[in-house]
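Colleague: Below is a structure I'd like to ask you about.
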Amino acid sequence: MKKIMEKAKRVSICGCGWLGLPLAKHLQQAGYETFGSKQTQEGVDGLEKQGIKGAVVSLPLQKEGHSAALNAFLTADVMVLNVPPGRQTTSADEYRAKIISLSEAAKAAGCQRLIFISTTSVYGDMEGEITELTIPDPVTESGRVHVELEQQLRQVWGDELVVLRLAGLIGPERHPVKFLAGRQGITNGGAPVNLVHLDDVIFAVEAIIARWPAKTTLHLSAPQHPSRQVYYREMARLAGLALPEFQPGGEQGKWVNASATVQILGLNWRYGDLMALAPEL
1401 MKKIMEKAKR
1411 VSICGCGWLG
1421 LPLAKHLQQA
1431 GYETFGSKQT
1441 QEGVDGLEKQ
1451 GIKGAVVSLP
1461 LQKEGHSAAL
1471 NAFLTADVMV
1481 LNVPPGRQTT
1491 SADEYRAKII
1501 SLSEAAKAAG
1511 CQRLIFISTT
1521 SVYGDMEGEI
1531 TELTIPDPVT
1541 ESGRVHVELE
1551 QQLRQVWGDE
1561 LVVLRLAGLI
1571 GPERHPVKFL
1581 AGRQGITNGG
1591 APVNLVHLDD
1601 VIFAVEAIIA
1611 RWPAKTTLHL
1621 SAPQHPSRQV
1631 YYREMARLAG
1641 LALPEFQPGG
1651 EQGKWVNASA
1661 TVQILGLNWR
1671 YGDLMALAPE
1681 L
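Per my numbering, the very first residue in the sequence shown carries number 1401; after that it's consecutive.
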């Protein structure tokens, strides 16, 4: 018989950056004993000033010599593994080693469950509708290593792992229009956008922690999928930026249908209407 875990009380978040820090704050305010990680003691001190118990976590983890703070971090009821691979400094092998070392240490310390923040880039260059049942077909190094890690973590954690694949993240001081404004000849203007707001991700993670789902491979993308041309020209207008110019035609592109995840987690979209949300630059 499968062991039924008591309701989670202690949550650790590995990676308290743009997503992890507001997630940690939200969970702490919701009554969870919340632990967060930073790479330096100065960063940990900053977490603790905000009521979040901190631990210095330098990946890959060594197998021995863990501090008391790190041991407390590793023994959570649920750990949210939110460590992006980085843009330039980390190879796929290095990133894989970091994630696996943390998974092994958490498992050995008695952590009960793991949420792995993955990416919809695992679906590669597919076209048309993508559901939670779509088999990944990555084409980038990041997409490939995320698929490999999902599989490796599943072998260790089984149904005590939730993989949450996120579409492109938007929110405070983060929006792709900053990089597209004023550009000329941008390709694939007719392809649909797949984006999700930070707040909707936070509420999704909280829902997973509060009521562990039976389906444990999920993804999240706002329900609206305007074309790249329509969307980014409107976002540039709303932000007072130079309008980007797109080439006609291009690939059909994919659109990520997260309706099953939304139903499973009982979510209500905060920012489902992408066209109505001005960039928070």
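Ideal Cβ placement from N, Cα and C applies to all residues, glycine included.
#1: Looking at the secondary structure, which residues open and close the alpha helix (DSSP H) in which K1654 lies?
#2: Give every residue of the same chain whose Cβ lies closer than 6 Å to the Cβ of R1628, excluding the five residues on either side of it in the sequence, and list them in chain order.
#3: Can you list, in chain order, the residues of its chain whose CB lies under 7 Å from that of Y1495, leaving out five sequence neighbours each side?
#4: Which one or two residues does DSSP pair with F1516 in a beta bridge?
#5: Tell me whether L1461 sits in a helix, a strand or coil according to DSSP, three-state version.
#6: Compute the Euclidean distance between the alpha carbons of M1401 and F1516, then round it to the nearest angstrom.
#7: Could you work out which residue in Q1584, Y1631, E1527 is closest to N1657 when comparing CA atoms only?
#8: On a CA-only basis, which of Q1450, D1445, Q1441, K1407 is nearest L1423? Give me that one, please.
#9: Please report the distance separating the alpha-carbon of P1360 from that of L1580.
#10: Suppose contacts are defined by Cβ-Cβ distances below 8 Å. Is K1507 in contact with V1556 by that definition?
#11: Please confirm whether N1657 has its beta-carbon closer than 8 Å to some beta-carbon of chain D.
#12: I think P1572 touches E1680, with their Cβ atoms under 8 Å apart; what is that distance to the nearest whole Å?
#13: Kindly indicate which residue of A1642, P1613, L1564, R1554 has the alpha-carbon position closest to the one of V1480.
Modeller: The answer reads as follows:
#1: Looking at the DSSP string, K1654 is not in any alpha helix (DSSP H); the run it does join, the beta strand (DSSP E), is 1654–1656.
#2: G1589, A1591, V1593
#3: Here Y1495 has P1485, V1545 as same chain residues with Cβ atoms under 7 Å from its own Cβ, once five neighbours each way along the sequence are excluded.
#4: F1516 is bridged to L1481, V1563.
#5: Shown here, L1461 sits in coil according to DSSP, grouped into three states, outside any helix or strand.
#6: Confidence at M1401 is low in this model, with a pLDDT of 34, below 50, so the placement of that residue should be treated as unreliable; the coordinate-derived value is given next. Our two residues, M1401 and F1516, have alpha carbons roughly 25 Å apart in a direct line.
#7: E1527
#8: Q1450
#9: This structure cannot settle anything about residue 1360, because the visible part of the chain is limited to 1401 through 1681.
#10: yes
#11: Within the model displayed, chain D is absent; a lone protein chain is all it includes.
#12: The C-beta separation of P1572 from E1680 comes to about 5 Å, placing the pair in contact by the 8 Å criterion.
#13: L1564
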